[in-house]
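Letter 118 of the sequence shown, counting from 1, is numbered 118 in UniProt numbering, and no numbers are missing. Idealized CB from N, CA, C, for every residue including glycine. Every value quoted in this text rests on a predicted model; they were computed, and no experiment measured them.
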Amino acid sequence: MDIVFHRTVPVFRIFDVAKAHEFYVDYLGCTVDWEHRFEPGMPLYTQVSRGGLVLHLSEHHGDATPGSTVCTELSGVRALHAELAGKGYPYLRPGLEQDETGTSLTLTDPFGNRLRFNESADDA
1 MDIVFHRTVP VFRIFDVAKA HEFYVDYLGC TVDWEHRFEP GMPLYTQVSR GGLVLHLSEH
61 HGDATPGSTV CTELSGVRAL HAELAGKGYP YLRPGLEQDE TGTSLTLTDP FGNRLRFNES
121 ADDA
(Lines of atoms letter the chains of each structure in order from A and count residues from 1; the text may use other names and numbers.)
(Lines give C-alpha, C1' and ligand atoms only; values in the text may rest on other atoms or scores of the structure.)
Protein backbone atom coordinates (compact mmCIF):
# COMPACT_ATOMS: atom_id res chain seq x y z
CA MET A 1 0.00 0.00 0.00
CA ASP A 2 1.25 3.49 -0.88
CA ILE A 3 1.59 6.14 1.78
CA VAL A 4 -0.44 9.24 0.91
CA PHE A 5 -0.43 12.35 3.07
CA HIS A 6 -3.71 14.20 2.63
CA ARG A 7 -3.34 17.40 4.64
CA THR A 8 -1.20 19.00 7.31
CA VAL A 9 -2.99 21.08 9.92
CA PRO A 10 -0.80 23.12 12.27
CA VAL A 11 -1.94 23.75 15.86
CA PHE A 12 -1.40 27.19 17.38
CA ARG A 13 -1.68 27.88 21.10
CA ILE A 14 -4.12 30.66 22.03
CA PHE A 15 -5.01 32.23 25.38
CA ASP A 16 -8.08 34.35 24.62
CA VAL A 17 -10.93 33.24 22.36
CA ALA A 18 -12.19 36.78 21.68
CA LYS A 19 -8.70 37.94 20.62
CA ALA A 20 -8.27 34.80 18.49
CA HIS A 21 -11.59 35.46 16.71
CA GLU A 22 -10.71 39.14 16.24
CA PHE A 23 -7.47 38.13 14.50
CA TYR A 24 -8.34 34.93 12.63
CA VAL A 25 -11.99 35.64 11.72
CA ASP A 26 -12.38 39.43 11.58
CA TYR A 27 -8.89 40.32 10.30
CA LEU A 28 -7.61 37.30 8.38
CA GLY A 29 -11.05 36.35 7.05
CA CYS A 30 -11.19 32.77 8.29
CA THR A 31 -14.37 30.90 9.14
CA VAL A 32 -14.85 28.98 12.38
CA ASP A 33 -15.46 25.42 11.16
CA TRP A 34 -16.08 23.85 14.57
CA GLU A 35 -15.38 24.33 18.25
CA HIS A 36 -14.90 21.73 20.99
CA ARG A 37 -14.85 21.92 24.77
CA PHE A 38 -15.02 18.87 27.00
CA GLU A 39 -17.57 20.78 29.09
CA PRO A 40 -18.52 24.43 29.68
CA GLY A 41 -15.67 26.47 31.10
CA MET A 42 -13.01 24.09 29.79
CA PRO A 43 -10.34 25.17 27.26
CA LEU A 44 -11.36 25.58 23.63
CA TYR A 45 -10.05 23.55 20.70
CA THR A 46 -11.25 24.88 17.36
CA GLN A 47 -10.64 24.83 13.64
CA VAL A 48 -10.57 27.93 11.44
CA SER A 49 -10.08 27.98 7.70
CA ARG A 50 -9.98 30.11 4.62
CA GLY A 51 -9.76 28.16 1.38
CA GLY A 52 -6.80 25.80 1.62
CA LEU A 53 -5.54 27.42 4.85
CA VAL A 54 -6.68 25.25 7.77
CA LEU A 55 -5.52 25.88 11.34
CA HIS A 56 -6.33 24.39 14.72
CA LEU A 57 -6.31 26.80 17.66
CA SER A 58 -6.03 25.46 21.18
CA GLU A 59 -6.32 26.87 24.68
CA HIS A 60 -5.15 23.52 26.09
CA HIS A 61 -1.91 23.59 28.07
CA GLY A 62 0.59 21.38 26.27
CA ASP A 63 -0.94 21.85 22.81
CA ALA A 64 1.72 23.62 20.78
CA THR A 65 4.15 26.31 21.84
CA PRO A 66 3.36 30.03 21.65
CA GLY A 67 5.59 31.75 19.13
CA SER A 68 5.46 29.03 16.48
CA THR A 69 5.57 29.74 12.74
CA VAL A 70 3.72 28.16 9.84
CA CYS A 71 4.68 28.76 6.21
CA THR A 72 1.90 28.78 3.64
CA GLU A 73 2.42 28.90 -0.11
CA LEU A 74 -0.17 30.89 -1.99
CA SER A 75 -0.90 32.91 -5.09
CA GLY A 76 -2.08 36.49 -4.66
CA VAL A 77 0.06 37.66 -1.74
CA ARG A 78 -0.20 41.28 -2.89
CA ALA A 79 -4.00 41.05 -2.99
CA LEU A 80 -4.01 39.55 0.52
CA HIS A 81 -1.73 42.35 1.72
CA ALA A 82 -4.05 44.99 0.23
CA GLU A 83 -7.13 43.31 1.72
CA LEU A 84 -5.60 43.20 5.20
CA ALA A 85 -4.29 46.78 4.98
CA GLY A 86 -7.83 47.93 4.19
CA LYS A 87 -9.22 46.43 7.40
CA GLY A 88 -7.49 48.89 9.72
CA TYR A 89 -6.51 46.24 12.29
CA PRO A 90 -4.85 48.36 14.99
CA TYR A 91 -2.33 45.78 16.23
CA LEU A 92 -0.53 44.88 13.01
CA ARG A 93 0.66 46.65 9.87
CA PRO A 94 2.61 44.04 7.96
CA GLY A 95 4.69 44.81 4.91
CA LEU A 96 5.73 42.72 1.96
CA GLU A 97 9.22 41.28 1.73
CA GLN A 98 10.74 40.31 -1.60
CA ASP A 99 13.85 38.32 -2.45
CA GLU A 100 15.01 35.99 -5.24
CA THR A 101 12.60 33.25 -4.10
CA GLY A 102 9.46 35.42 -4.18
CA THR A 103 7.29 37.70 -2.07
CA SER A 104 6.24 37.06 1.50
CA LEU A 105 3.85 38.53 4.03
CA THR A 106 4.32 37.67 7.71
CA LEU A 107 1.53 38.11 10.25
CA THR A 108 1.91 37.72 14.00
CA ASP A 109 -1.20 36.76 15.95
CA PRO A 110 -1.95 38.13 19.45
CA PHE A 111 -0.21 35.08 20.99
CA GLY A 112 3.13 35.45 19.18
CA ASN A 113 2.43 32.83 16.50
CA ARG A 114 3.57 33.76 13.00
CA LEU A 115 1.88 32.99 9.69
CA ARG A 116 4.29 33.42 6.79
CA PHE A 117 2.53 33.61 3.41
CA ASN A 118 4.90 33.04 0.49
CA GLU A 119 4.29 33.50 -3.21
CA SER A 120 7.14 32.08 -5.26
CA ALA A 121 8.80 34.23 -7.90
CA ASP A 122 7.55 31.72 -10.50
CA ASP A 123 3.89 32.32 -9.49
CA ALA A 124 4.06 36.10 -9.29
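Three-state secondary structure (DSSP) of residue i
i, result
"Y24", "helix"
"V4", "coil"
"H56", "strand"
Proximity below 8 Å, CB of residue i to CB of residue j
i, j, result
"V11", "H56", "yes"
"L53", "V77", "no"
"L84", "Y27", "yes"
"R50", "F111", "no"
"T101", "A121", "yes"
Identified DSSP bridge partners for residue i
i, result
"D99", "G102"
"R114", "T69 and T108"
"H36", "Y45"
"R50", "L53"
Anticipated Cβ contact below 8 Å, residue i with residue j, distance rounded
i, j, result
"R114", "T106", "6 Å"
"R116", "C71", "5 Å"
"V48", "T31", "7 Å"
"E59", "L44", "5 Å"
Continuous alpha helix (DSSP H) stretch holding residue i: start and end
i, result
"V77", "V77 to A85"
Residue range of the unbroken beta strand (DSSP E) whose run includes residue i
i, result
"residue 125", "As shown, the chain starts at 1 and ends at 124. That puts residue 125 outside it, with no answer to give."
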